[in-house]
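Novice: Could you have a look at this structure, given as structure tokens, before my questions?
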Amino acid sequence: MAMSFNDVVEAGMMAEAPVRLLFLFVKIEEIGTQNAAGPRSRTLEPVMVTDKLAAPDLDFDGLIEEADKISPGWDFVLISSLMRGDGNIPHSDEAEPHLQQMANSVVSGGDLSHYLVFDREENPIRIETSPVGGTA
């Protein structure tokens, strides 16, 4: 597991072919009220997406600053990557369906274990999902 955002960027730069990193920013939404049966359920809601080439000038502080200018109400960033089989640089428009798939996974309560997740302080986060209607 990557321990820092820089680890993610460095891995992308060392890959056999150029890597485009995919970012989905999400916020936590509380569902219902806390009661004797247990804590409130929580769900994740997509806030915004972006993509960047893995490059030496890509850093977490810059990513946060850019994201906050667009939409400051996010709690976590989910990260995936895109690499073309032909060794060419993946274009930003090629990332769009993958970013949409990431957002759909969040909305549907799908398995998020294959994404790297960081909070605003760059701490790695593990997100556990439960079936829709279950408790988180």
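The sequence shown lines up with residues 364 to 499 when you count with this note's numbering.
Ideal Cβ positions, reconstructed from N, Cα and C, are used throughout, including at glycine.
(1) If the criterion is Cβ atoms closer than 7 Å, does the pair residue 423 and residue 373 meet it?
(2) Would you decide whether residue 414 is buried or exposed? Buried here means 16 or more other CB atoms lie within 10 Å of its CB.
(3) Can you pull the DSSP bridge partners for residue 415?
(4) I need the DSSP call for residue 391, collapsed to helix, strand or coil.
(5) Is residue 478 near residue 443, with beta carbons less than 7 Å apart?
(6) What residue range is occupied by the uninterrupted alpha helix (DSSP H) comprising residue 482?
(7) Is there contact here, the stretch 378-386 with the stretch 455-473, by at least three beta-carbon pairs under 8 Å?
(8) Quick one: grab the DSSP three-state call for residue 441.
(9) Quick one: is residue 367 buried, meaning 16 or more other Cβ sit within 10 Å of its Cβ, or exposed?
(10) I'd like to know whether the C-beta atoms of residue 391 and residue 411 end up nearer to each other than 7 Å.
(11) Alpha carbons only, please: which of 381, 379, 377, 440 is nearest the one belonging to residue 482?
Specialist: On the basis of the coordinates in this document:
(1) No, Cβ-Cβ distance for residue 423 and residue 373 is not below 7 Å.
(2) Label assigned to residue 414: buried.
(3) Its beta-bridge partners are 384.
(4) In the structure shown, residue 391 sits in a strand (DSSP, three-state: E or B).
(5) Result yes, Cβ atoms of residue 478 and residue 443 sit closer than 7 Å.
(6) It is not in any alpha helix (DSSP H) - residue 482 instead sits in the beta strand (DSSP E) that spans 479-482.
(7) A contact exists between the stretch 378-386 and the stretch 455-473.
(8) Strand at residue 441.
(9) By the neighbour-count rule (16 or more Cβ atoms within 10 Å), residue 367 is not buried but exposed.
(10) For residue 391 and residue 411, no; Cβs fall outside 7 Å.
(11) Residue 440 is the option with its Cα nearest to residue 482.
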